[in-house]
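Sequential numbering from 1 applies to the sequence shown in UniProt numbering.
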Amino acid sequence: MLNHLAQSYGFAPLVPLWLLAAIAVLAVLLCAYAISRRTKGAVLRLAAIASLLLWLSGPQRLHESWHVLPETALLLVDQSPSMSIGQRSALARQAAQAMAQAHTQGLSLRTVTVRNSGHNGTRLFDALDQAAADIPPDQLAGAVMLTDGQVSDTPDSVPERLTPVNQTGAKAHLPLHVLIPAKGEETDRQLRILQAPPYGIVGQPAKLRVQVDDAGPGTTPGAQAELTLRVNGEEPLSIPVTTGTPQDISLPVSHPGQMLISLAVSPLAGEVSQINNQTITRMTGIRDRLRVLLISGTPNQGERVWRRLLKADPSVDLIHFTILRPPDKDDGTPLSDLALIAFPVRELFQEKINQFDLIILDGFENQNILPHAYLNNIANFVRKGGGLLLTAGPEFVGPGTLQDTPVGDILPAHVPLENGMVEQRFRPHLTPEGRRHPVTAALPGAPPTNADSAAQTIPGQWGPWYRALKPDTTHGQALMSGPDNAPLLVLDHVDQGRVALLLSDQIWLWSRGEGGGGPQAELLRRISHWLMKEPELEEEQLNASIAGGELTVSRRSTTGEAQHDVTVTPPDGKPVTLTLHAASSAPQNQKENGASHTRPEENQSGLSIGHLAAEQPGIWQVDDGTHKAFAAPIPPDPQEFADLRATASKLQNIVSATGGGILWTGDNATAPTVPRLQLADGGSLHGENWFAFPHRNAHVVTGRSATPLLPAWVMLSLSLLLLFAGWWREGRS
Numbered sequence: 001m002l003n004h005l006a007q008s009y010g011f012a013p014l015v016p017l018w019l020l021a022a023i024a025v026l027a028v029l030l031c032a033y034a035i036s037r038r039t040k041g042a043v044l045r046l047a048a049i050a051s052l053l054l055w056l057s058g059p060q061r062l063h064e065s066w067h068v069l070p071e072t073a074l075l076l077v078d079q080s081p082s083m084s085i086g087q088r089s090a091l092a093r094q095a096a097q098a099m100a101q102a103h104t105q106g107l108s109l110r111t112v113t114v115r116n117s118g119h120n121g122t123r124l125f126d127a128l129d130q131a132a133a134d135i136p137p138d139q140l141a142g143a144v145m146l147t148d149g150q151v152s153d154t155p156d157s158v159p160e161r162l163t164p165v166n167q168t169g170a171k172a173h174l175p176l177h178v179l180i181p182a183k184g185e186e187t188d189r190q191l192r193i194l195q196a197p198p199y200g201i202v203g204q205p206a207k208l209r210v211q212v213d214d215a216g217p218g219t220t221p222g223a224q225a226e227l228t229l230r231v232n233g234e235e236p237l238s239i240p241v242t243t244g245t246p247q248d249i250s251l252p253v254s255h256p257g258q259m260l261i262s263l264a265v266s267p268l269a270g271e272v273s274q275i276n277n278q279t280i281t282r283m284t285g286i287r288d289r290l291r292v293l294l295i296s297g298t299p300n301q302g303e304r305v306w307r308r309l310l311k312a313d314p315s316v317d318l319i320h321f322t323i324l325r326p327p328d329k330d331d332g333t334p335l336s337d338l339a340l341i342a343f344p345v346r347e348l349f350q351e352k353i354n355q356f357d358l359i360i361l362d363g364f365e366n367q368n369i370l371p372h373a374y375l376n377n378i379a380n381f382v383r384k385g386g387g388l389l390l391t392a393g394p395e396f397v398g399p400g401t402l403q404d405t406p407v408g409d410i411l412p413a414h415v416p417l418e419n420g421m422v423e424q425r426f427r428p429h430l431t432p433e434g435r436r437h438p439v440t441a442a443l444p445g446a447p448p449t450n451a452d453s454a455a456q457t458i459p460g461q462w463g464p465w466y467r468a469l470k471p472d473t474t475h476g477q478a479l480m481s482g483p484d485n486a487p488l489l490v491l492d493h494v495d496q497g498r499v500a501l502l503l504s505d506q507i508w509l510w511s512r513g514e515g516g517g518g519p520q521a522e523l524l525r526r527i528s529h530w531l532m533k534e535p536e537l538e539e540e541q542l543n544a545s546i547a548g549g550e551l552t553v554s555r556r557s558t559t560g561e562a563q564h565d566v567t568v569t570p571p572d573g574k575p576v577t578l579t580l581h582a583a584s585s586a587p588q589n590q591k592e593n594g595a596s597h598t599r600p601e602e603n604q605s606g607l608s609i610g611h612l613a614a615e616q617p618g619i620w621q622v623d624d625g626t627h628k629a630f631a632a633p634i635p636p637d638p639q640e641f642a643d644l645r646a647t648a649s650k651l652q653n654i655v656s657a658t659g660g661g662i663l664w665t666g667d668n669a670t671a672p673t674v675p676r677l678q679l680a681d682g683g684s685l686h687g688e689n690w691f692a693f694p695h696r697n698a699h700v701v702t703g704r705s706a707t708p709l710l711p712a713w714v715m716l717s718l719s720l721l722l723l724f725a726g727w728w729r730e731g732r733s
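Take a look at the structure:
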């Protein structure tokens with residue numbers, strides 16, 4: 001139906017309108033005068049003049065040729081992430097193809113695919129507005145949305161695009177139809193985290209606020225469900241919850257560092273998906289205050305370095321004592337005349353020793369200052385989980401050395417009393433193990449491993465020291481070397497605690513810039529925090545993160561392994577093996593597992609990295625046989641997975657306001673129920689298996705012609721006949 005012939009009537013005056021009006025007025029006046037004088041034939045003369053005026057007005061029949069324009073309906077196909085649930089994508093794809101191929105003549109269908117638009121959910125009405133902007137308003141028939149009903153930008157009233165002005169100037173709603181790729185209304189259970197703190201104090205509970213909501217037919221608030229909470233893969237904790245009600249959960253923060261908290265709620269019978277039954281949140285455990293006890297054996301240059309470093313750290317509470325007058329230097333001055341604070345030995349080393357996180361003994365020479373029982377308390381403090389740092393100088397090989405006390409049992413090195421002190425110029429350097437250990441790895445200005453201790457200052461070397469101790473036995477990890485490559489910094493684990501021994505008392509020279517100086521502040525900070533078990537300084541670490549659909553696994557180890565295999569368990573529970581490569585030689589774009597194609601070599605950095613595609617939502621677990629790490633992707637659009645139901649509830653009001661209809665495709669992906677699209681002249685616009693759009697009568701005029709309605713000879717004969725009749729009537733009087 002492309003061409004149409006229309007007829008109408010109009011006028012084309014043969015004389016100006018003012019002249020027609022003047023003749024008409026004059027005729028009426030003359031007729032009125034004649035009638036008042038009772039003149040016979042006046043009416044017939046008026047009829048003659050009227051017929052003449054009718055002819056002069058030019059009545060004619062108009063003929064127009066129209067080209068009827070097809071109407072365009074929009075088909076908005078939802079391809080957002082929520083459409084990946086079940087068979088929705090397959091159903092939508094089949095239905096869209098069927099509607100695009102079969103629709104009534106005169107109706108054009110324009111398909112628009114709407115994908116995820118960021119973090120604002122599915123925005124079909126924005127897409128409708130943009131797509132309709134290219135269609136002339138009088139040719140837009142309406143729209144069909146093929147969606148699961150989870151539309152985030154549903155307006156409160158009919159959009160302007162669906163309320164165009166018609167040819168008469170009136171507004172009329174165009175129909176919005178909805179086809180939902182499902183069998184009917186679905187149910188879903190959703191777990192939401194309402195409040196989660198980013199940090200938690202170690203030893204204190206953190207509070208999470210969660211809520212479980214049920215939606216769909218037959219669901220009501222107040223149902224009971226079981227919430228399972230797991231922190232970093234530890235033993236799960238089950239908590240009963242009531243749906244529709246916020247609930248606070250007390251979460252213990254047992255250790256510092258990142259905590260990946262996974263929560264899952266028991267499924268709702270018959271729910272469409274369990275993806276949003278689980279969620280994760282991240283929290284960092286921090287110590288409230290790190291309590292440090294610093295004991296300086298005698299006033300020395302190094303204690304200023306220690307005090308300045310620890311005082312500058314806002315997370316450290318420092319208690320510092322310097323032994324100015326040991327017992328062997330009693331000069332007989334009465335105690336009442338002394339201005340010194342008595343050393344609170346009992347309070348520090350018996351009553352409150354377990355309140356500290358770290359004890360630092362800087363150049364400490366015992367000399368009967370601490371009884372044997374208190375020294376034993378220090379050793380037990382370490383074995384129970386505390387940290388101990390010793391900086392050793394000449395006092396370590398003299399009378400009263402700590403090596404001959406219970407503290408010596410936990411030290412990672414032994415220095416002989418004879419020839420244990422070396423006084424010569426040397427430059428500290430890192431051992432191969434030190435280059436891999438987080439405490440010393442990548443220290444600023446680190447010199448080569450086999451740096452010449454007698455060399456002059458060259459770029460990439462630290463400043464020299466002039467005195468060190470040379471141990472005869474060591475155990476633990478030697479991270480730095482001194483004269484003749486003898487261990488200089490040794491770390492060790494003792495039961496649940498840690499010990500660090502620096503076999504020189506001259507690190508303070510770096511703070512003075514001697515020979516170019518060195519990173520004394522950063523080194524001492526790292527040693528202190530390693531002793532206090534800060535997670536980022538653990539020598540054996542396994543970390544995992546997911547970004548951009550890719551799982552990145554990093555493993556730090558003090559061993560020299562060039563490759564290492566880890567087991568990755570995706571949310572679907574099917575483990576795969578991932579090979580980690582040394583960071584210096586790992587392939588940049590490793591996407592899948594398999595044997596290494598590079599020659600095995602020592603991992604000098606201690607860092608191994610691997611990558612794996614990670615598209616599944618949920619919690620991923622990585623296991624290297626000793627350590628476990630967990631990661632979870634952050635949904636690009638959390639709103640998409642908030643409610644996973646296929647539902648008509650969110651669009652029902654707007655569809656009803658436009659006169660449209662809502663149909664369901666069923667659950668047969670190979671042969672879904674697809675409505676016919678047709679044009680209608682009136683009545684209902686939807687039925688059991690069809691959607692209709694009103695005729696808009698959009699057209700363009702292709703031609704016009706005019707035919708006089710009253711031929712001149714006919715009207716002239718009629719006028720003369722009426723005039724003769726008037727004269728005849730007048731003559732009979």
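All C-beta atoms, glycine included, are put in the ideal place defined by N, C-alpha and C. Owing to the predicted nature of the structure, the values given are computational and were not obtained by experimental measurement.
Secondary structure of residue i, DSSP reduced to three states
i, result
"LYS628", "strand"
"ILE49", "helix"
"HIS475", "coil"
"HIS529", "helix"
"LEU19", "helix"
"ARG308", "helix"
"GLN456", "The pLDDT assigned to GLN456 is 44, lower than 50, so where the model puts this residue is not dependable, and the model offers no usable value."
"ASP409", "helix"
"ARG189", "strand"
"TYR466", "coil"
Contact set for residue i: own chain, Cβ-Cβ below 7 angstroms, skip 5 residues either direction
i, result
"MET83", "SER89, ALA92 and ASP148"
"GLY106", "MET1, PRO70, GLU71 and LEU679"
"HIS564", "ARG555, LEU580, SER608 and ASP624"
"HIS475", "PRO412 and ASP492"
Beta-carbon separation (whole angstroms), residue i vs residue j, contact threshold 8 angstroms
i, j, result
"PRO487", "PRO471", "6 angstroms"
"PRO444", "PRO519", "5 angstroms"
"LEU479", "LEU469", "With a Cβ gap of about 16 angstroms, LEU479 and LEU469 do not count as contacting."
"SER545", "ALA631", "5 angstroms"
"GLN190", "PRO246", "No, GLN190 and PRO246 are not in contact; Cβ-Cβ is about 13 angstroms, not under 8 angstroms."
Contact set for residue i: own chain, Cβ-Cβ below 6 angstroms, skip 5 residues either direction
i, result
"LEU139", "It should be pointed out that residue 139 corresponds to Gln in this sequence rather than to Leu. Excluding positions up to five away in sequence, the list reads LEU69, GLU71, THR72 and ALA698."
"LEU388", "ILE359, VAL382 and VAL499"
"GLN477", "GLU433 and LEU491"
"LEU208", "ALA196, ILE249 and LEU251"
Sequence-distant residues of its chain with Cβ nearer than 8 angstroms to residue i (five each side left out)
i, result
"GLN639", "HIS119, ASN120, GLY121 and SER152"
"GLN204", "VAL253 and ASP288"
"PRO13", "LEU20, LEU56, SER57 and GLY58"
"LEU430", "THR440, LEU443, ALA446, PRO447, THR449, LEU479, MET480 and SER481"
"ARG115", "GLN79 and SER80"
"THR577", "ASP565, VAL566, THR567, VAL568 and ASN593"
"SER605", "ARG435, ARG436, ALA441, ALA582, ALA583 and SER584"
Buried or exposed by the 16-neighbour rule on C-beta atoms within 10 Å, applied to residue i
i, result
"ILE634", "exposed"
"GLY548", "exposed"
"GLN150", "buried"
"VAL15", "exposed"
"LEU52", "buried"
"ASP404", "exposed"
"TRP462", "buried"
"ALA127", "buried"
"PRO344", "exposed"
"ASN668", "exposed"
Residue i and residue j closer than 7 angstroms at C-beta
i, j, result
"LEU537", "HIS529", "yes"
"ALA614", "LEU551", "yes"
"LEU361", "ILE319", "no"
"GLY400", "GLY497", "no"
"VAL494", "ILE378", "no"
"VAL316", "LEU290", "yes"
"HIS686", "GLY661", "yes"
"VAL415", "PHE396", "yes"
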